[in-house]
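Following: one structure in structure tokens, then a few remarks.
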Amino acid sequence: MIFGMSLATYTLLHVLISLIGIGSGAVVMFGLLNGRRSERTTAVFLVTTALASITGFGFPFEYLMPSHILGILSLFVLAFAIPAMKEISKSP
């Protein structure tokens, strides 16, 4: 049990959050390539990416793996990207 959920349910939740992050990231990238910026979709991307990294640490493990290191790096970058996005959205 992880946070009151079976391992299968927790895995499904983690995967769904990850897929939403990937999908919203693709939409953000497509918009940027076409010169359009969507603050709402970018916010969804940043939040779901952070949630995917955080939920990844809920799985049982015995030693530090490359996936944990990538999750730590991702959260470190997001710790700067999320406040930067808030500042950008304030500007005209």
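The end of the sequence shown is residue 396 by this note's numbering, with every number in the run present.
Using N, Cα and C, we set each Cβ at its ideal position, and we do this for glycine too.
Nearest CA to the CA of residue i: which residue from the options?
i, options, result
"Leu323", "Phe361, Pro370, Glu391, Ser357", "Ser357"
"Ala312", "Asn338, Leu379, Pro364, Leu377", "Pro364"
Using the C-alpha atoms, what's the distance from residue j back to residue i?
i, j, result
"Glu366", "Met309", "20 Å"
"Thr359", "Leu316", "11 Å"
"Ile392", "Leu337", "18 Å"
Which same chain residues end up closer than 7 Å to residue i when comparing Cβ atoms and leaving out the 5 residues on each side of it in sequence?
i, result
"Gly325", "Phe349, Thr352, Thr353, Ala356"
Residues in the same chain with beta-carbon distance under 6 Å from residue i, minus the five sequence neighbours each way, listed in chain order, please.
i, result
"Ile386", "Leu350"
For residue i, collect the residues of the same chain with a Cβ closer than 8 Å to its Cβ; drop the 5 residues on either side in sequence, then sort them by chain order.
i, result
"Phe307", "Tyr314, Gly362"
Taking the alpha helix (DSSP H) that residue i belongs to, which residues open and close that run?
i, result
"Arg344", "343-360"
"Ser378", "370-394"
**Request:** Pair every Cβ in the stretch 317-331 with every Cβ in the stretch 347-361, then say whether three or more of these pairs are closer than 8 Å.
**Result:** yes
**Message:** Taking contact to mean 3 or more Cβ pairs, one atom from each stretch, closer than 8 Å, check whether the stretch 370-379 and the stretch 337-345 are in contact.
**Reply:** no
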